[in-house]
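**Student:**
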Amino acid sequence: SPGLKAIWLSYSAEPSGPPHPSLRTGQSLRPWCGVRNWSGSLIVASLTGAFGSSFLYGYNLSVVNAPAVYIKKFYNETWERRYGFSMDESTLTLLWSITVSIFAIGGLVGAIIVTPIVKFFGRKCTLLLNNVFAVAAAILMSLSQVAGSFEMLILGRIIMGVDAGISLSALPMYLSEISPKEIRGSLGQVTAIFICVGVFMGQVLGLPEIFGTVRISVAALIQVVILPFLPESPRYLLLEKHNTSKAEKAFQTFLGKEDVSQEVEEVLAESRVQRNTKLVSVLQLLRTRAVRWQVITVVVTMGCYQLCGLNAIWYYTNNIFSEAGINRETIPYVTLSTGAVETLAAVSSGLVIERLGRRPLLIGGFGLMIVFFAVLTVSLTLQNNVSWLPYLSIFCILAIIASFCIGPGGIPFVLTGEFFQQSQRPAAFMVAGTVNWLSNFAVGLLFPFIQSGLQTYCFLVFAAICFAGATYLFFVLPETKNKTLNEISLAFAKRNKVSLEMQEMNHYHEERKSSAEQESNFTSSVDNGETKQAIV
């Protein structure tokens, strides 16, 4: 009957333990807390984690843009001092492209190694240990000019990329596990906000500070000083370390209240279901039918996150504004405006995401980008004929950035944390990180050639990617605002074709519920005569 099916579905993802009264009506367990319960520790943890992680990612995306002329001059002088002749233009361009894009190679390495690190050390300790890479990169880049070695600068960029690759997986994972579901989206947007702040600070400090090493060290130092005094993820402590007392204290700290029995019971329910479940590998995750479309959606959103054209603007803003007819003296100030617009749009998104939801912001952001990419293409094509069109080009670039930051700029990280259960989450973030960094590298390496070949029509390529992403998300992505893992899984169930398995398990429940001996054979638990089975 529908009533029995509702009970069964509610047990599917939040099973075991004494049944909560709400489960008898097929509802989810009580939410962790309301928006009013933002605790000081939760805010400090998110800001500190982001400042030493996603901030550095954004900073290193943009810090090479403003001092590009000085870095190229350093390369040429070093080459001439070594070999007695100046570097030709093609070699200099290649070396500069490597310097910019090699950051993504380091990020890919970090994304690949993050799964065993967060499993062994935990989310918080991973963020702390990751600062070793940041400090090492800062030292290499600071000494490169003194040593007369541009190889040290490139190596520093690689190591800084490793730091970013680890942090962009570990930080969203940490934030998603310490946040109540009512503010999960807003807290998840902290990652995107600090990426934008980092981009802006890289633009501000890029000219006077060629390599930005002092700023990297300061950001890492702040995280190292403050984060040790904050708890580890309570879900990690319960589900992977099985330390109930520390998990209770972590909940009390992050939620700002003494009675956390309900929150502990929710996680313990998941723990009892997964007591025989080991950490899922990437291959196992890709083979799991119940999360097939969740994985595809993560791949699409992360791919579009990088391939939609924003990194091309971050990497090559000076060239883009120069092509738009902006005077060389004005370009640094216009570039600063891009960082300011990014930050304001990201903050605005964080304020409205729990009201509007993920789906409208994500699809709407891509839709607006399509419109402004089309207008930008027309503006760049005709700017030599109309005197005011270069200013329209600037407006379009700022509008594209704002459209990106209100949705596509941060929500992919939020969705990755929401789609998967605890045992699958590290593998899911590895998949997301791999797609993210490969796409990042492709844009950084290929965009100059795309721009050279297509000229003013180059942005139509990004418009097409945005259209493809928006179309896919319109038909596939369910709204995840204020929803539990169980509810999100059910939204994907029909597309994943798991309804048949649900019916089979329901049939098994009706016929075999009295046989307790089947518990060990079918990895189910019997409590008060009711069988509770998790769908993995």
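Residues in the sequence shown are numbered from 1 upward in steps of one, following full-length UniProt numbering.
For glycine and all other residues, C-beta sits at the position ideal for the given N, C-alpha and C.
Here the structure is a predicted model, which means the values were calculated and not measured.
(1) Sorted by chain position, which residues of the same chain lie with C-beta nearer than 7 Å to residue 450's C-beta, five sequence neighbours on each side aside?
(2) In terms of residue numbering, what span does the alpha helix (DSSP H) encompassing residue 281 cover?
(3) When we look at the beta-carbon of residue 259 and count the other beta-carbons within 10 Å, is it buried (16 or more) or exposed?
(4) Flag this pair as yes or no: are the beta carbons of residue 157 and residue 102 separated by less than 8 Å?
(5) State yes or no: is the C-beta of residue 192 within less than 8 Å of the C-beta of residue 159?
(6) State the Cα-Cα distance for the pair residue 558 and residue 290, rounded to the nearest angstrom.
(7) When the Cα atoms are used, what is the spatial distance from residue 94 to residue 292?
(8) Anyone know if the C-beta pair for residue 129 and residue 121 falls short of 8 Å?
(9) Rounded to whole angstroms, what's the CA-CA distance from residue 12 to residue 234? Just pull it up for me.
(10) Among 151, 127, 176 and 153, which has the Cα closest to the Cα of residue 166?
(11) Report the residue from 172, 116, 150 and 59 whose alpha carbon sits nearest the alpha carbon of residue 342.
(12) Touch check for the region 107-115 and the region 417-433: three-plus C-beta pairs under 8 Å?
(13) My understanding is that residue 346 touches residue 223, with C-beta atoms under 8 Å, so please give their C-beta distance in whole angstroms.
(14) Assuming the contact rule is C-beta atoms closer than 8 Å, residue 161 and residue 107 should be a hit. Round their C-beta distance to whole Å, please.
(15) Rounded to whole angstroms, what's the CA-CA distance from residue 174 to residue 480? Just pull it up for me.
(16) Using the beta-carbon count (16 or more within 10 Å), is residue 84 buried or exposed?
(17) Let me know the secondary structure DSSP gives residue 160 once reduced to three states.
(18) Tell me which residues share the same chain as residue 544 and place their Cβ nearer than 8 Å to its Cβ, disregarding the 5 neighbours each side in the sequence.
(19) Any contact between the region 390-410 and the region 359-370? By contact I mean 3 or more CB pairs, one from each, below 8 Å.
(20) Using three-state DSSP, classify residue 130 as helix, strand or coil.
(21) Given 8 Å as the limit, is there contact between the region 174-187 and the region 411-420, that is, 3 or more CB pairs closer than that?
(22) DSSP state of residue 477, grouped into three classes?
(23) Is the beta carbon of residue 368 within less than 7 Å of some heavy atom of the ligand COA?
(24) Would you report the Cα separation of residue 349 and residue 376, rounded to the nearest angstrom?
(25) Can you tell me the Cα-Cα spacing of residue 214 and residue 132, whole angstroms?
(26) Going straight from the alpha carbon of residue 437 to that of residue 404, what length do you get?
(27) Rounded to a whole number of angstroms, what is the C-alpha to C-alpha distance between residue 243 and residue 255?
(28) For residue 394 and residue 426, I'd like the C-alpha separation in whole angstroms.
(29) Do the CB positions of residue 148 and residue 99 come within less than 8 Å of each other?
(30) Express the C-alpha separation of residue 203 and residue 164 in angstroms, rounding to a whole number.
(31) Under three-state DSSP, which class holds residue 179?
(32) Drop a sphere of 10 angstroms on the beta-carbon of residue 229, count the other beta-carbons inside from all chains shown, and report buried for 16 or more, exposed for fewer.
(33) Measure the C-alpha to C-alpha separation of residue 218 and residue 41 and round it to an integer number of angstroms.
(34) Give me the residue from 464, 498, 408 and 354 with the minimum Cα distance to residue 182.
(35) Rounded to the nearest angstrom, what separates residue 301 and residue 408 at their Cα positions?
**Tutor:** Short version:
(1) Around residue 450, the same chain offers 458 and 461 as residues with beta carbons nearer than 7 Å, after the five sequence neighbours per side are excluded.
(2) Unbroken run through residue 281: none, as it is neither H nor E.
(3) Answer is exposed; the Cβ neighbour count stays below 16.
(4) Yes, Cβ-Cβ distance for residue 157 and residue 102 is below 8 Å.
(5) Taking 8 Å as the Cβ cut-off, residue 192 and residue 159 do not qualify as a contacting pair.
(6) No information on residue 558 is available, as it lies outside the stretch 1 to 536 that the chain covers here.
(7) Answer to the nearest angstrom: the Cα atoms are 40 Å apart.
(8) The answer is yes: Cβ separation under 8 Å.
(9) Here the model assigns residue 12 a pLDDT of 40, short of 50, so the residue's position is not dependable, and the following value carries that caveat. Taking the straight line joining both Cα atoms gives about 22 Å.
(10) Restricting attention to 151, 127, 176 and 153, the CA atom closest to the CA of residue 166 is found in 127.
(11) Sorting 172, 116, 150 and 59 by C-alpha distance to the C-alpha of residue 342 places 59 at the top.
(12) Touching, yes.
(13) Between residue 346 and residue 223 the beta-carbon gap is near 20 Å, outside 8 Å, which marks them as no contact.
(14) A Cβ-Cβ distance of about 4 Å is found for the pair residue 161 and residue 107, placing them in contact under the 8 Å criterion.
(15) Rounded to whole angstroms, residue 174 to residue 480 spans 19 Å at the Cα level.
(16) Answer is exposed; the Cβ neighbour count stays below 16.
(17) Three-state result, residue 160: helix.
(18) The chain is shown only over 1 to 536; residue 544 falls outside these bounds and no answer can be derived.
(19) In short, these stretches touch, since the Cβ pair count reaches three.
(20) Three-state DSSP puts residue 130 in coil, outside helix and strand.
(21) Taking one beta carbon from each stretch, the region 174-187 and the region 411-420 have 3 or more pairs nearer than 8 Å; the two touch.
(22) It is coil, neither helix nor strand.
(23) With respect to the ligand COA, the structure offers nothing, as it holds no ligand at all.
(24) Taking the straight line from one Cα to the other gives about 24 Å.
(25) The predicted position of residue 214 is uncertain, since its pLDDT is 49 and thus under 50; a value taken from the coordinates is nonetheless stated next. Going by the C-alpha atoms only, they are around 15 Å apart.
(26) Taking the straight line from one Cα to the other gives about 18 Å.
(27) If you draw a straight line from the Cα of residue 243 to the Cα of residue 255, it comes to about 18 Å.
(28) So the alpha carbons of these two residues sit roughly 40 Å apart.
(29) Not closer than 8 Å, so no.
(30) Computed Cα separation, rounded: 18 Å.
(31) Reduced to three states, the DSSP call for residue 179 is coil.
(32) Looking at its Cβ environment, which holds fewer than 16 other Cβ atoms inside 10 Å, residue 229 is exposed.
(33) Taking the straight line from one Cα to the other gives about 21 Å.
(34) Comparing Cα-Cα distances from residue 182 to each of 464, 498, 408 and 354, the minimum goes to 354.
(35) Cα to Cα, residue 301 sits roughly 8 Å from residue 408.
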